[in-house]
Amino acid sequence: MTTGYTADQLREAAADAVRAPSLHNTQPWRFRLVDGGIEIAVDPRRRLPATDPSGWGARIACGAALCNLRLALAVAGTPATVRLRPYPGDPDVVARLVPDVPRRPTPAEQSLHGAISRRFSNRAPFWPDPVPADARWRLGEAARAEQCWLELVIGTTAVNAFAEIARSAHRVLERDPAYVTERKRWIRSEPSPDGVPTAAGGPQSEPQDLLPQRGFGGRNRAPGRDFEPEPLVAVLGSTGNTATDQIVAGQALQRVLLTATDAGLAVSMLSQPIEVPGAREALRLSLGRFGTPQMVMRIGYGQPGRTTPRRPVDDVLDLPVVH
171 MTTGYTADQL REAAADAVRA PSLHNTQPWR FRLVDGGIEI AVDPRRRLPA
221 TDPSGWGARI ACGAALCNLR LALAVAGTPA TVRLRPYPGD PDVVARLVPD
271 VPRRPTPAEQ SLHGAISRRF SNRAPFWPDP VPADARWRLG EAARAEQCWL
321 ELVIGTTAVN AFAEIARSAH RVLERDPAYV TERKRWIRSE PSPDGVPTAA
371 GGPQSEPQDL LPQRGFGGRN RAPGRDFEPE PLVAVLGSTG NTATDQIVAG
421 QALQRVLLTA TDAGLAVSML SQPIEVPGAR EALRLSLGRF GTPQMVMRIG
471 YGQPGRTTPR RPVDDVLDLP VVH
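Below you can see the structure in the form of structure tokens.
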């Protein structure tokens, strides 16, 4: 019986974990080996005080990394038992994973794990092709598998109402000089292991756009390359909004994103309506849902893109010192 994970197992699994999404691609996580268990912690040096003062975004990101870590360990035949926020005195530790009974991975685990390296945020306009019903059902099931809900915003009236909430939140955020300065600090015009490359930032926003775009220094779009007039908008939510709920939502977000990738779909995330408390509540009321919206996604079919860079795995590991 395996008594604990090894440094090699941590390093291999962390290579998948770091492919998770994060606000401005800050990659706010660290992984360590403690008494044979793998622990994920928020990296306080990579917080976004203006964009994410409550730490919600960092916990969502670490939850997404935890989902990848679980899949990597399961596919390696060493699945984990997970305990969220194991240390009341150290709230930055998001989760602790210890070995469960070894077993073969399920086909679903293999499919989702295979999508990790192909998942990325696609901020470009999507094609007009509708997302079929079976793919929509799979996305909802992915959220439910992680104890969250996924609400699809369907129909012109509902999409326009959501768009107004999103644009209003975007205006509030853009009026904050600290927020704008912080975002600009994470735009990368030269090769870098973190931040958002201008090539991946999506095209510059234009007045006719239905949904707001963060300004990541993208190029002007080609004529006729407007965003889709009625995008498929999906709202991911959790039952509550504690720190643990946010970690759970991060795992659900990643499972939805990997399910979408596996189905050949493109996704971009819109967190502005989540970052502004009044907009978040307006969104919840418009959906008629209990619980708390945790992320909004635009889903469709688009041209292949490329993943954003990641820091070397060894930069995010804290391994025991061997004497």
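Those letters in the sequence shown? Residues 171 to 493, per this note's numbering, in order. Glycine is no exception: its CB is placed at the ideal position from the N, C-alpha and C atoms.
Are the Cβ atoms of LEU282 and LEU241 separated by less than 8 Å? For the purposes of this step, residue 282 is taken as residue 112 along the sequence shown, with counting starting at 1. For the purposes of this step, residue 241 is taken as residue 71 along the sequence shown, with counting starting at 1. Result yes, Cβ atoms of LEU282 and LEU241 sit closer than 8 Å.
Go ahead and pull the three-state DSSP assignment for LEU440. For the purposes of this step, residue 440 is taken as the residue at position 270 of the sequence shown. Strand at LEU440.
Counting Cβ pairs, one atom from each stretch, are 3 or more of them under 8 Å apart for the stretch 418 to 431 and the stretch 231 to 245? yes
Expressed to the nearest angstrom, what Euclidean distance is found between the alpha-carbon atoms of ARG293 and ILE286? Counting from one through the sequence shown, the residue named residue 293 turns up at place 123. Counting from one through the sequence shown, the residue named residue 286 turns up at place 116. Spanning the two alpha carbons is a distance of roughly 18 Å.
Does PHE397 come out as helix, strand or coil in the three-state DSSP assignment? Taking the sequence shown and counting its residues from 1, the one referred to as residue 397 is at position 227. DSSP places PHE397 in coil when its eight states are reduced to three.
Looking at the strands, I want to know which residues DSSP matches up with ARG200. Your numbering for residue 200 matches position 30 in the sequence shown. According to DSSP, ARG200 bridges with ALA211.
Inter-residue spacing [alpha-carbon to alpha-carbon] between GLU352 and ARG384: Counted from its first residue, the sequence shown places residue 352 at position 182. Counted from its first residue, the sequence shown places residue 384 at position 214. Distance between the alpha carbons of GLU352 and ARG384 is about 12 Å.
Can you name the residues that DSSP bridges to TRP319? The residue given as residue 319 occupies position 149 in the sequence shown. Per DSSP, GLY407.
Three-state secondary structure (DSSP) at GLY284? The sequence position of residue 284 within the sequence shown is 114, counting from 1. GLY284 falls in the helix class under three-state DSSP.
Assuming LEU457 contacts VAL405 (C-beta within less than 8 Å), just tell me the rounded distance between them. Position 287 of the sequence shown, counted from the start, is the residue given in the question as residue 457. Position 235 of the sequence shown, counted from the start, is the residue given in the question as residue 405. Yes, they are in contact, since the Cβ atoms of LEU457 and VAL405 sit about 6 Å apart, within 8 Å.
In three-state terms, what does DSSP make of SER291? Stepping through the sequence shown from its first residue, residue 291 is reached at position 121. In the structure shown, SER291 sits in a strand (DSSP, three-state: E or B).
Coarse secondary structure for PRO269, derived from DSSP in three states: Sequence index remark: in the sequence shown, residue 269 carries index 99 (1-based). Correct three-state label for PRO269: strand.
Have a look at THR414, THR478, GLY434, PRO443 and flag the residue whose alpha-carbon is nearest the alpha-carbon of TYR471. Locating residue 471 in the sequence shown gives position 301, where the first residue counts as 1. Taking only the C-alpha atoms, the option nearest TYR471 is GLY434.
I think GLY475 touches ALA370, with their Cβ atoms under 8 Å apart; what is that distance to the nearest whole Å? For the purposes of this step, residue 475 is identified with residue 305 of the sequence shown, where counting begins at 1. For the purposes of this step, residue 370 is identified with residue 200 of the sequence shown, where counting begins at 1. With a Cβ gap of about 7 Å, GLY475 and ALA370 count as contacting.
For GLY225 and ARG217, which I take to be in contact (beta-carbon distance under 8 Å), what is that distance rounded to the nearest angstrom? Position 55 of the sequence shown, counted from the start, is the residue given in the question as residue 225. Position 47 of the sequence shown, counted from the start, is the residue given in the question as residue 217. Indeed, because the Cβ distance is near 7 Å, the residues count as touching under 8 Å.
Which residues share a DSSP beta bridge with GLY470? Along the sequence shown, one-based indexing puts residue 470 at 300. Answer is ALA436, bridged to GLY470.
Mapping the DSSP letters down to three states, classify ILE324 as helix, strand or coil. Along the sequence shown, read from residue 1 onward, the residue named residue 324 stands at position 154. Here ILE324 sits in coil by DSSP.
Do ALA348 and ALA220 have their CB atoms nearer than 8 Å? For the purposes of this step, residue 348 is identified with residue 178 of the sequence shown, where counting begins at 1. For the purposes of this step, residue 220 is identified with residue 50 of the sequence shown, where counting begins at 1. A contact, by the Cβ cut-off of 8 Å.
On the DSSP letters alone, give me the boundaries of the alpha helix (DSSP H) that VAL121 sits inside. Any property of residue 121 remains undetermined from this structure, which presents the chain solely from 171 to 493.
Label MET489 either buried or exposed according to how many other C-beta atoms from any shown protein chain fall within 10 Å of its C-beta, with 16 as the threshold for buried. If you number the sequence shown from 1, residue 489 lands on position 319. Per the sequence shown, the amino acid found at residue 489 is Leu instead of Met. Exposed.
Buried versus exposed, by CB contacts within 10 Å (16 or more), ASN195: Within the sequence shown, residue 195 is the residue found at index 25, counting from 1. ASN195 should be labelled buried.
Can you check DSSP and say which residues form a bridge with ALA331? The residue you call residue 331 lines up with position 161 of the sequence shown. DSSP lists no bridge partner for ALA331.
With distances taken between CB atoms, is the gap from GLN442 to HIS340 smaller than 8 Å? Here residue 442 is taken as the residue at index 272 of the sequence shown, counted from 1. Here residue 340 is taken as the residue at index 170 of the sequence shown, counted from 1. In this structure, GLN442 sits near HIS340, with a CB-CB distance shorter than 8 Å.
Please state whether DSSP places GLN179 in a helix, a strand or coil. Here residue 179 refers to the residue found at position 9 when the sequence shown is read from its first residue. Assigned with DSSP and collapsed to three states, GLN179 falls in helix.
Select from GLY410, THR173, PRO256, THR176 the residue whose C-alpha is nearest the C-alpha of PHE460. Sequence index remark: in the sequence shown, residue 460 carries index 290 (1-based). Nearest C-alpha to PHE460: GLY410.
DSSP beta-bridge partners of ASP415: In the sequence shown, the residue the question calls residue 415 occupies position 245. Answer is none; ASP415 lacks a bridge partner.
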